Amino acid sequence: MESTPETGTQVLPARPRILLAASGSVAAIKFENLCRSFMEWGEVRAVATKSALHFVDKSSLPSSVILYTDDDEWSGWKKIGDEVLHIELRKWADVLVIAPLSANTLAKVAGGLCDNLLTCIVRAWDYSKPLYVAPAMNTFMLNNPFTKRHLHTIGELGVSLLPPITKKLACGDYGNGAMAEPSVIYNTVRLSFNESSASGNSKDQSI
Ligand code: PCO
C-alpha cells in the first residue's frame, strides 16, 4: 500500500491488488466463486498449490485472473538478476487471502516452512499488509490440538482468521471445518481492509 511522502499517511487504493490463494482442501471447489467476488472490488491474481489443483477447475476461472502455480515459480528464472515470482507477488499484492487454508498449509506456514509458491509468498510476507486465512478441514483435524497451536502462532504474526463453519462436510461427516461462505469471506475482507486502511493499521483484526 502506498503512502504520501509528505505525511506518511496510507492511501487507500481505489482498486486494491488482491492475491487470492487456494491450498489443498476440497473447499477449493469454491475458488472460482471467490475469484469472481473479489474481481468486483479489485485486481485479482491467483495462486494454487499442487493439491488445490485437484479441486480448482482452471478453465472456469475468469480470463482476467492470472493463475500462478508451482511450475511458474522457476520456469521464468534463467539467470541471476531475473525476477523471482514469490518475491514479485509479495511486492505486488496489497492483501493476501488464503481460502481455503488446508491443515497441511496451516502447519507449514506456522512452522515457517516454504516448499512451494504459496508458502514462499507467506514466508516473505510484509505483515504491515493484511493476510487473511479461511481454514477448511475435517472436524477431527480442526479439533486436533495442532490446529489451535498453529492458528495461535500465525495470529501472533498478524494473520486474520475467517473462521470455519459447521455443516455437512465433503466426506459426509457433520461438524465444524467447512470453509466460511465465499460471500462472508469477501464481505469480511473488504470491510476490514477498508477499515484498517482508513485507520492506518492493517493489524487490528488479528486472531
Ligand atoms: C474433507 N474436508 C472438508 C472440509 C471442507 N469442506 C467444506 C464444505 C464444502 C461443501 O460445502 C466441500 C465446500 O463442506 O468447506 O469437507 C474431509 S471430511
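Letter by letter, the sequence shown follows residues 1218 to 1424 in this note's numbering. We put the beta carbon where it would ideally sit given N, CA and C, even for glycine. It should be emphasised that the depicted structure is a prediction, and the values quoted were computed from it without experimental measurement.
Bounding residues of the beta strand (DSSP E) (the contiguous stretch that carries residue i)
i            : result
residue 1411 : Here residue 1411 belongs to no beta strand (DSSP E); instead the alpha helix (DSSP H) covers 1399 to 1415.
residue 1241 : It is not in any beta strand (DSSP E) - residue 1241 carries neither H nor E in the DSSP assignment.
residue 1262 : 1260 to 1265
residue 1392 : 1391 to 1395
residue 1384 : 1382 to 1385
Contact test: residue i Cβ vs the ligand PCO heavy atom, cutoff 7 Å
i            : result
residue 1355 : yes
residue 1341 : no
residue 1299 : no
residue 1386 : yes
residue 1315 : no
residue 1243 : yes
residue 1390 : yes
residue 1402 : no
residue 1247 : yes
residue 1320 : no
Spatial neighbours of residue i in its chain, beta-carbon cut-off 6 Å, leaving aside the 5 residues before and after
i            : result
residue 1411 : none
residue 1331 : 1337 and 1340
residue 1260 : 1232 and 1234
residue 1266 : 1240, 1241, 1333 and 1335
residue 1238 : 1264, 1315 and 1335
residue 1262 : 1236 and 1283
residue 1258 : 1407
Cβ-Cβ distance between residue i and residue j below 8 Å
i            : j            : result
residue 1401 : residue 1349 : no
residue 1243 : residue 1272 : yes
residue 1352 : residue 1245 : no
residue 1301 : residue 1285 : no
residue 1383 : residue 1320 : no
residue 1367 : residue 1323 : yes
residue 1378 : residue 1310 : no
residue 1381 : residue 1359 : yes
residue 1355 : residue 1386 : yes
Sequence-distant residues of the same chain with beta carbon closer than 7 Å to residue i, five excluded per side
i            : result
residue 1247 : 1396 and 1399
residue 1419 : Low confidence applies here, because residue 1419 scores a pLDDT of 49, under 50, leaving its location unreliable and the question unanswered by this model.
residue 1421 : Any answer about residue 1421 is weak, because its pLDDT of 44 lies below 50 and its placement is not dependable; what the coordinates show is given next. Closer than 7 Å at Cβ, skipping near neighbours: 1413.
residue 1405 : 1379
Where residue i falls, given that 16 or more other Cβ within 10 Å makes a residue buried
i            : result
residue 1362 : exposed
residue 1391 : exposed
residue 1394 : buried
residue 1254 : buried
residue 1304 : exposed
residue 1297 : exposed
Close-in-space but distant-in-sequence residues of the same chain around residue i (CB under 8 Å, 5 per side omitted)
i            : result
residue 1287 : 1266, 1267, 1333 and 1334
Host alpha helix (DSSP H) of residue i (start-end)
i            : result
residue 1269 : It is not in any alpha helix (DSSP H) - residue 1269 carries neither H nor E in the DSSP assignment.
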